[in-house]
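Heads up: the structure comes next, in structure tokens.
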Amino acid sequence: MAGGKCLALIAHDQKKDDMAEFARANRDILSRWKIVATGTTGGRVLDAAPDLDVTRLKSGPLGGDQQIGALISTGEVDALIFFVDPLTPMPHDVDVKALMRLAIVYDIPMALNHATAIKLLPTLEA
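Here the sequence shown is numbered in UniProt numbering, starting from 1 and rising by one per residue.
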């Protein structure tokens, strides 16, 4: 993933529609970024905004969260937007927590809901 800024997009199942709409509504800003996304989320983002540069990784429960964590740890991801569903139990919750821990350890901007993603957007334009 050489060159350019890279943004990771992830959404839990109940938030995938929100992420797709977020990408569609903000595609002008997002089009300036390389995007990596977990499998289903990436597919939904591409359906909503097919002009975006999205690389789909594995589904979150099948290792996609860990793949994005690895990209964070190697400095290849510059920011993370993760629409979390706090009301639905996640069988891969430990992977989600590990991903968030890496974003904190490597001090990258991280938004966990729509409101903070909107606040993060102006910094992505820079």
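Idealized CB from N, CA, C, for every residue including glycine.
Counting every other CB atom within 10 Å of its CB across the protein chains shown gives Ile118 a total below 16, marking it as exposed. Per DSSP, Lys34 is not a residue of any alpha helix (DSSP H); the beta strand (DSSP E) it occupies stretches across Lys34 to Ala37. In its chain, beyond the 5 residues on either side, no residue has a beta carbon closer than 6 Å to the beta carbon of Ile104. Where Asp107 is concerned, there is no enclosing alpha helix (DSSP H), because DSSP gives it neither an H nor an E. Nearest C-alpha to Glu76 among Asp13, His92, Asp107 and Met90: Asp107.
Take the alpha-carbon of Leu121 and the one of Pro86: they are about 22 Å apart. The Cβ-Cβ distance between Leu112 and Ile68 does not fall below 8 Å. Listed as beta-bridge partners of Leu7 by DSSP are Ile35 and Ala79. Within the same chain, Leu7, Ile108 and Pro109 come within 6 Å of Ala79 by CB-CB distance, once the 5 residues on both sides are set aside. For Gly42, the closest of Glu125, Leu52, Arg56 and Ala49 by C-alpha to C-alpha distance is Arg56.
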